[in-house]
Amino acid sequence: MIDPLPIEAREATLLAGYAMRSADSAGRKHTEPPHPYRGPYQRDRDRIVHSAAFRRLSSKTQVFTGENGDYHRTRLTHTLEVASIARTLARAMRLNEDLVESLALAHDLGHPPFGHAGEEVLHACLADVGGFSHNRQGLRIVEELEQRYPTFPGLNLSLEVLEGQATRVTHDATAARPLLEVQVVDAADSIAYDTHDADDAMQLGLLNLDELLEIPLWREAADRVRPRYAGLSEGQLKRAVLHELIDWQVSDLLLQAAQRIDQWRIDSVAAVRRAPMIIGPNAALAAQKAELERFLHERVYRHPQVLRLRRQVQNELSEMFAGYRAHPELMPTGFRSRIEHSGLSLTVGDYLAGMTDRYARQEYLRLFAKR
Numbered sequence: 001m002i003d004p005l006p007i008e009a010r011e012a013t014l015l016a017g018y019a020m021r022s023a024d025s026a027g028r029k030h031t032e033p034p035h036p037y038r039g040p041y042q043r044d045r046d047r048i049v050h051s052a053a054f055r056r057l058s059s060k061t062q063v064f065t066g067e068n069g070d071y072h073r074t075r076l077t078h079t080l081e082v083a084s085i086a087r088t089l090a091r092a093m094r095l096n097e098d099l100v101e102s103l104a105l106a107h108d109l110g111h112p113p114f115g116h117a118g119e120e121v122l123h124a125c126l127a128d129v130g131g132f133s134h135n136r137q138g139l140r141i142v143e144e145l146e147q148r149y150p151t152f153p154g155l156n157l158s159l160e161v162l163e164g165q166a167t168r169v170t171h172d173a174t175a176a177r178p179l180l181e182v183q184v185v186d187a188a189d190s191i192a193y194d195t196h197d198a199d200d201a202m203q204l205g206l207l208n209l210d211e212l213l214e215i216p217l218w219r220e221a222a223d224r225v226r227p228r229y230a231g232l233s234e235g236q237l238k239r240a241v242l243h244e245l246i247d248w249q250v251s252d253l254l255l256q257a258a259q260r261i262d263q264w265r266i267d268s269v270a271a272v273r274r275a276p277m278i279i280g281p282n283a284a285l286a287a288q289k290a291e292l293e294r295f296l297h298e299r300v301y302r303h304p305q306v307l308r309l310r311r312q313v314q315n316e317l318s319e320m321f322a323g324y325r326a327h328p329e330l331m332p333t334g335f336r337s338r339i340e341h342s343g344l345s346l347t348v349g350d351y352l353a354g355m356t357d358r359y360a361r362q363e364y365l366r367l368f369a370k371r
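Set out below in structure tokens:
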């Protein structure tokens, strides 16, 4: 049998002093023996990938609701793109890649069907029990709702992954700073959705390239690309700009992080916890990103076509929430059994939040659509 190099020895060789090491993990809520050849964060990643909630991301909307074609992102493809960018940052910074990948793969598990349109509806429907947050729902999924193991609820992920997800819920400015692995995933998420939402919007005809080239971030990226290539078609220029936007932002994050780590003498996880946020763009690039996000909000997320579809699915989800509350017997047995523990409203919210776009639409037409 192969005798693998122990994870502790491998990490001692590869990881920087400020990276989170497996040997320093605070463990899990439910104690488990170590695995003979997988570190704790690799086990976390594997549990997330094999979860039902992760599989359902393939049929959940990222931004664009409705049958708009196969090009635009789903929650799953967005998650994989975030994981790819985050791992690139982690490897360059000598962070714990397994932890980074686990955090990235888990970061959107709590999203309901129909993206933020679905989240707004559930937040209103669940106002009497604290509302709905996809970040908080992600924690409920991995700590309680996934039932895959006989000896504990949820996935029993490491406390570092749970803490990373919890920072998306509380945003406590007085708390210790998140691990660098957590900061990297948040930055990768921002890069992915800013870049790819614009790409999807162009593909769906909500924007054109000329409009985006009026935005300083896109205009500068195009200015960086054009000297390298001659005679680019519009499609080639768009793809080249998208590549440049990601590479430029990743390179800037690495440069800013290196300067801050040196300036603040960051040499340990404890130093990371005490320092200001380390992973973030330079001020000029941050301002350009903010301008792009304002543009996308006005021209894409508030586009009449998007709003029309949002209103439709929001009305349907509202009807479904009321319908399942009035007739809980329509829910599967596993959810009905949770009512005594979690209450009716929260149980209905959990059931709806776990649906894919396709299944939610199917169940609405089957059970609640007025004939």
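Mapping of the sequence shown onto the numbering used here: residues 1 to 371, in sequence order.
For each residue, glycine too, the CB sits at the ideal point set by N, CA and C.
Computed from a prediction, not measured in an experiment: that's the story for all the values here.
Does DSSP classify residue 94 as helix, strand or coil?
-> In this structure, residue 94 counts as coil in the three-state DSSP scheme.
Whole alpha helix (DSSP H) elements within the region 282 to 332, 4-residue minimum = Within the region 282 to 332, the runs of alpha helix (DSSP H) that reach at least 4 residues and sit entirely inside it are, in chain order, 283 to 296 and 304 to 326.
Can you name the residues that DSSP bridges to residue 61?
-> Looking at the DSSP output, residue 61 shares a beta bridge with 74.
Closest by CA to residue 298, which one among 39, 201 and 277?
-> A check of alpha carbon separations from residue 298 across 39, 201 and 277 identifies 201 as the nearest.
Would you say residue 96 and residue 11 are within 9 Å of each other, going by their C-beta atoms?
-> Yes; because the gap between Cβ atoms is below 9 Å, this pair is in contact.
Contacting residues, own chain, Cβ-Cβ under 6 Å from residue 157 (five flanking each side not counted) | Close CB contacts of residue 157 within its chain, under the 6 Å cut and outside five residues either way in sequence, are with 44 and 142 (chain order).
Thinking C-beta only, is residue 163 closer than 9 Å to residue 41?
-> Against a cut-off of 9 Å, the Cβ pair of residue 163 and residue 41 comes out as no contact.
Report the rounded CA-to-CA distance for residue 59 versus residue 113, giving the unit in angstroms.
-> Taking C-alpha positions only, residue 59 is separated from residue 113 by approximately 8 Å.
Check whether the region 70 to 90 touches the region 127 to 140, counting contact only when three or more Cβ pairs, one atom from each stretch, lie closer than 8 Å.
-> As far as the Cβ criterion goes, the region 70 to 90 does not touch the region 127 to 140, which means the pair count is below three.
What is the DSSP secondary structure of residue 224, counted as helix, strand or coil?
-> Residue 224: helix per DSSP, three-state reduction.
For residue 338, name the three-state secondary structure that DSSP assigns.
-> Coil, per DSSP.
Within 9 Å, strictly: CB atoms of residue 169 and residue 86 = No. Outside cutoff.
Proximal residues to residue 254 (C-beta, below 6 Å), its chain only, five neighbours per side dropped = These residues qualify, in order along the chain: 92.
Residue from 363, 307 and 111 whose Cα sits closest to the Cα of residue 332 | If you compare the alpha carbons of 363, 307 and 111 with that of residue 332, the shortest gap goes to 363.
Which first and last residues belong to the alpha helix (DSSP H) in which residue 40 is found?
-> Segment 40 to 49, the alpha helix (DSSP H) holding residue 40.
Is residue 158 helix, strand or coil by DSSP?
-> Here DSSP, grouped into helix, strand and coil, assigns residue 158 to strand.
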